[in-house]
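Numbering (our numbering), first residue to last: 1 to 257. Virtual Cβ for every residue (Gly too), placed ideally from N, Cα, C. Structure, as structure tokens:
Given below as structure tokens:
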């Protein structure tokens, strides 16, 4: 069996992934930024030619890059956020090779996503937000796709997953603003300066969706999260009804796990 742990930011996905891994010895927990056979968030997705160019350009940390790189037929996945370096511009440079934030044509984006889900046949894996969050944020904020189009795409994803053994555990957030306020405090420095929230708000405000719809600010972003959760729960119900369990964020019991 495999598990996809999904939910909004601050719903407790990382904590639940670790709790499931603790209760299921021999399983591998895969967090955002780790190498994943299905998800590419925080990873560069490059051709072999581009990979060699990157190694040549950053030759002084070549071994660190190679240590965090994974060859997949005609592409290489570089988990570049795992490379610790003070070389100016390295992470920003590698960021351009991600598939998210409108960086590739939509048809190519869909092809990559569907091909990776279709090629996967793993076992005993626990994935953190590797099915909903990044794809749905991409389709709403950067592709301005309708709910109908997004649900249709997830029907294609379900078909690509075929008969893989998996369960989706969705953490539903009852009070989204309260949950966001908590992680705003948690993701601050020692002086109380917020680190995550300004970056997240800037990401939302500068998205094509926000600009196209003339929305900005915290209230608009919270409304986006409300809509996203509603849509994700609809996908759970309509596309993955036989594979999904919904738990209340941070209010589930040990026996639920």
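According to DSSP, which residues form a beta bridge with residue i?
i, result
"residue 78", "44 and 69"
"residue 170", "6 and 246"
"residue 28", "125"
"residue 188", "194"
Let's see if you can read the secondary structure: which residues bound the alpha helix (DSSP H) around residue i?
i, result
"residue 197", "196 to 205"
"residue 219", "218 to 238"
"residue 13", "13 to 23"
"residue 251", "From DSSP, residue 251 is part of no alpha helix (DSSP H); its letter is neither H nor E."
"residue 93", "90 to 95"
"residue 210", "208 to 213"
Under the assumption that residue i contacts residue j (Cβ atoms under 8 Å), give the Cβ distance between them as a whole number of angstroms.
i, j, result
"residue 174", "residue 249", "7 Å"
"residue 130", "residue 4", "6 Å"
"residue 166", "residue 243", "6 Å"
"residue 238", "residue 151", "6 Å"
"residue 97", "residue 46", "5 Å"
"residue 126", "residue 21", "6 Å"
"residue 232", "residue 132", "5 Å"
"residue 222", "residue 176", "6 Å"
"residue 85", "residue 61", "5 Å"
"residue 257", "residue 23", "6 Å"
Under 7 Å from any heavy atom of the ligand ATP, does the C-beta of residue i make it?
i, result
"residue 122", "No copy of the ligand ATP appears in this structure; indeed no ligand is present at all."
May I have a chain-ordered list of the alpha helix (DSSP H) segments no shorter than 4 residues that lie completely inside the segment 111 to 139?
133 to 137
- Query: Counting Cβ pairs, one atom from each stretch, are 3 or more of them under 8 Å apart for the segment 148 to 163 and the segment 114 to 129?
  - Reply: Counting Cβ pairs under 8 Å, three or more are found: they touch.
The segment 54 to 61 / the segment 74 to 93 touching (three or more Cβ pairs under 8 Å)
yes
Pairs of beta-carbons, one from the segment 178 to 186 and one from the segment 132 to 144, closer than 8 Å: are there three or more?
no
Looking at C-beta atoms only, is the number of pairs between the segment 198 to 213 and the segment 104 to 116 that lie closer than 8 Å three or more?
-> no
For this session: Check whether the segment 185 to 201 touches the segment 24 to 33, taking contact to mean three or more Cβ pairs, one atom from each stretch, closer than 8 Å.
Result: no
In chain order, each alpha helix (DSSP H) run of at least 4 residues that lies wholly inside the segment 143 to 168: 147 to 161
Would the segment 62 to 71 count as touching the segment 10 to 20 if we require 3 or more Cβ pairs under 8 Å? no
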